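Chains as they are written, first to last, in this note's numbering: chain G, 1 to 193; chain Z, 1 to 193.
We treat Cβ as the ideally placed atom computed from N, Cα and C, and that holds for glycine.
Being a predicted model, the structure only gives us computed values, none of them experimental.
Protein chains: 2
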Amino acid sequence: MGRRSEILRRATEVFERQGVKQTSIEDIARAVGIKREAVYYYFKGRREILAEIILPQSHSLLIGLRNISQSSRPFADKLRDAIQNHLQSFNPSYLEMTVALREDHFFGTDQKFTELRRVWTQYSDLWTAMIADGQASGEFRDGHNPKFIAYAILGMCNWLSRWFDPEKETPIEEIIDSYFLFALQGLENREQS
Amino acid sequence: MGRRSEILRRATEVFERQGVKQTSIEDIARAVGIKREAVYYYFKGRREILAEIILPQSHSLLIGLRNISQSSRPFADKLRDAIQNHLQSFNPSYLEMTVALREDHFFGTDQKFTELRRVWTQYSDLWTAMIADGQASGEFRDGHNPKFIAYAILGMCNWLSRWFDPEKETPIEEIIDSYFLFALQGLENREQS
Chain G
1 MGRRSEILRR
11 ATEVFERQGV
21 KQTSIEDIAR
31 AVGIKREAVY
41 YYFKGRREIL
51 AEIILPQSHS
61 LLIGLRNISQ
71 SSRPFADKLR
81 DAIQNHLQSF
91 NPSYLEMTVA
101 LREDHFFGTD
111 QKFTELRRVW
121 TQYSDLWTAM
131 IADGQASGEF
141 RDGHNPKFIA
151 YAILGMCNWL
161 SRWFDPEKET
171 PIEEIIDSYF
181 LFALQGLENR
191 EQS
Chain Z
1 MGRRSEILRR
11 ATEVFERQGV
21 KQTSIEDIAR
31 AVGIKREAVY
41 YYFKGRREIL
51 AEIILPQSHS
61 LLIGLRNISQ
71 SSRPFADKLR
81 DAIQNHLQSF
91 NPSYLEMTVA
101 LREDHFFGTD
111 QKFTELRRVW
121 TQYSDLWTAM
131 IADGQASGEF
141 RDGHNPKFIA
151 YAILGMCNWL
161 SRWFDPEKET
171 PIEEIIDSYF
181 LFALQGLENR
191 EQS
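Structure (structure tokens):
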């Protein structure tokens, strides 16, 4: 692992443990076993480190969802894959998702955070469109505002950042199954099925 | 409004606007139009102010849910009331809920935060028990881990702290209706219905 990646990895751990706002560059340097100056050689500051941790994860969520929503499979399958795409990122790279979601980092106006907001807006919009398309197809029941439902599903998934501990909890696959079943049954158009 | 309540009210607004961790006692004092020292006359510091904002809201959620879960009505009705009890607190006192939920404040070890954690644990446990009882009654489908479902519903509701804006959005009642319908249909035991 290069020095730069190691700083990112250790920073993620420290952020997860004590919260982003309570973490200083000094804390990160100590976790890596280097001097503060060595951290500043690679990064302008804490927010740049944070953005570099969250951005790749966010991009890959968006790419995953795009592929899923462009397929021509039934909406039940798409829903399953979309929940899996989202929740699976809690598994190996759990810390990144926790750091990304547990606190609200979307206040910033600097370039990386503007990009982060853009990615998350695209991602939520894509979810909303998928629910709306599922309603239009007759597979999902009509009457719900698709945005509310998209945010409900994202909310139930994202809340894992507050309670799910991959070391102690059930495997994530069990939660994926359960949340898919709950959301699918919640959305299904019973007149059709 | 007494000075003390005014400090709490203004602090809530500042916390909501710029995040708790970025708020100094100086910021709060400025919002009230008093000196820092006058804030310290009433409160030991930022965390004490935060706890005083969140605690009453949390207690009232817990009391509300206790009353609902002790009634002998059908579980569908209890589910509706429980979602309403939770989401309605986003309405008039929206800022408190946002401040309570948007960031993870449950790190602290001081007495007020220990109490806060205790209240939220009781509250989540009560939700879990209500889902489990609904399953045992045959009204809700079996097979789900009741804790996962309780946390799914809390997650979808709590996520409003990230996107819902009572000034711009639909009335909260519409979201309560939609989330209740989604969760109820998601949970219903179809063999019985």
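Selection from the options that minimises the alpha carbon distance to residue i
i	options	result
G:D194	G:L184, G:A31 and G:I49	An answer regarding residue 194 of chain G cannot be provided, because it is not within the stretch 1 to 193 covered by chain G.
Z:Q22	Z:I172, Z:L181 and Z:V99	Z:V99
G:L160	Z:I153, Z:I49 and Z:L65	Z:I153
G:A150	G:G138, G:G134, G:R162 and G:G19	G:G134
Z:R162	G:N85, G:W120 and G:S69	G:W120
G:C157	G:R10, G:N189, G:Y179 and G:T114	G:Y179
G:P171	Z:K78, Z:R9, Z:N145 and Z:T170	Z:N145
G:E215	G:H86, G:W127 and G:I68	There is no way to answer for residue 215 of chain G, as the model of chain G reaches only from 1 to 193.
Z:A148	Z:K78, Z:T128 and Z:G19	The sequence given here places Phe at residue 148 of chain Z; Ala does not occur at that position. The candidate whose alpha carbon is nearest that of Z:F148 is Z:T128.
Z:G143	G:F43, G:E188, G:R47 and G:F182	G:F182
Z:E6	Z:R17, Z:Y42, Z:V20 and Z:E37	Z:Y42
Z:R46	Z:T12, Z:R17, Z:S72 and Z:G33	Z:T12
G:K78	G:I54, G:L126 and G:K44	G:L126
G:L101	G:G19, G:I83 and G:E37	G:G19
G:L53	G:R4, G:E191, G:E169 and G:Q84	The residue asked about is misnamed: residue 53 of chain G is Ile in this sequence, not Leu. For G:I53, the nearest C-alpha among the options comes from G:R4.
G:S72	G:P166, G:S137, G:E167 and G:I175	G:S137
G:D177	G:A38, G:G155 and G:Q84	G:Q84
Residue(s) in a DSSP beta bridge with residue i
i	result
G:F140	G:E188
Cβ-based neighbour list, residue i, same chain, cut-off 7 Å, excluding 5 preceding and 5 following
i	result
G:V14	T23, D27, I28 and A31
Z:S89	Q57, L61 and M97
Z:A51	K112, F113 and L116
Z:K35	A29
Z:F164	F90
Beta-carbon proximity list for residue i, same chain, < 8 Å, skipping 5 on both sides
i	result
Z:Y123	S58, L61, L62 and L65
G:Q70	none
G:S193	A caution first: G:S193 carries a pLDDT of 49, below 50, which makes its placement in the model too unreliable to give a value.
Z:F140	F75, I131, G134, L187, E188 and N189
G:M1	R9
Contact set for residue i: own chain, Cβ-Cβ below 6 Å, skip 5 residues either direction
i	result
Z:P74	none
G:I49	A11 and F43
**Request:** Could you name the residues of the region 171 to 183 of chain Z whose beta carbon sits closer than 7 Å to any beta carbon of chain G, in the order they occur along the chain?
**Result:** Of all residues in the region 171 to 183 of chain Z, only I175, S178, Y179, F182 and A183 place a beta-carbon less than 7 Å from a beta-carbon of chain G.
**Prompt:** Quick one: complete beta strand (DSSP E) runs, 3+ long, within the region 26 to 86 of chain Z?
**Reply:** Within the region 26 to 86 of chain Z, there are no complete beta strand (DSSP E) runs of at least 3 residues.
**Request:** Note down, in chain order, all residues in the region 154 to 171 of chain Z with a beta-carbon under 9 Å from any beta-carbon belonging to chain G.
**Result:** Here the close residues are L154, G155, M156, C157, N158, W159, L160, S161, R162, W163, F164 and T170.
**Prompt:** Any residues in the region 68 to 99 of chain G with a beta carbon nearer than 7 Å to a beta carbon of chain Z? Which ones, in chain order?
**Reply:** If the cut-off is 7 Å between Cβ atoms, the region 68 to 99 of chain G has nothing near chain Z.
**Message:** Any C-beta of chain G within less than 7 Å: which residues of the region 138 to 151 of chain Z qualify?
**Reply:** Listed by position along the chain: H144, N145, F148, I149 and Y151.
**Item:** Completely contained alpha helix (DSSP H) runs for the region 116 to 165 of chain Z, where each covers 4 or more residues
**Value:** Within the region 116 to 165 of chain Z, the complete alpha helix (DSSP H) runs of at least 4 residues are 146 to 158 and 160 to 163.
**Asked** Going along the chain, which residues of the region 9 to 26 of chain Z sit with their C-beta nearer than 9 Å to a C-beta in chain G?
**Response** Among the residues of the region 9 to 26 of chain Z, those with a Cβ less than 9 Å away from any Cβ of chain G are Q18, G19, V20, K21 and Q22, in the order of the chain.
**Message:** Taking beta-carbon pairs under 7 Å, can you tell me which members of the region 115 to 136 of chain Z lie near chain G?
**Reply:** Going along the region 115 to 136 of chain Z in chain order, one finds no residue with a Cβ nearer than 7 Å to chain G.
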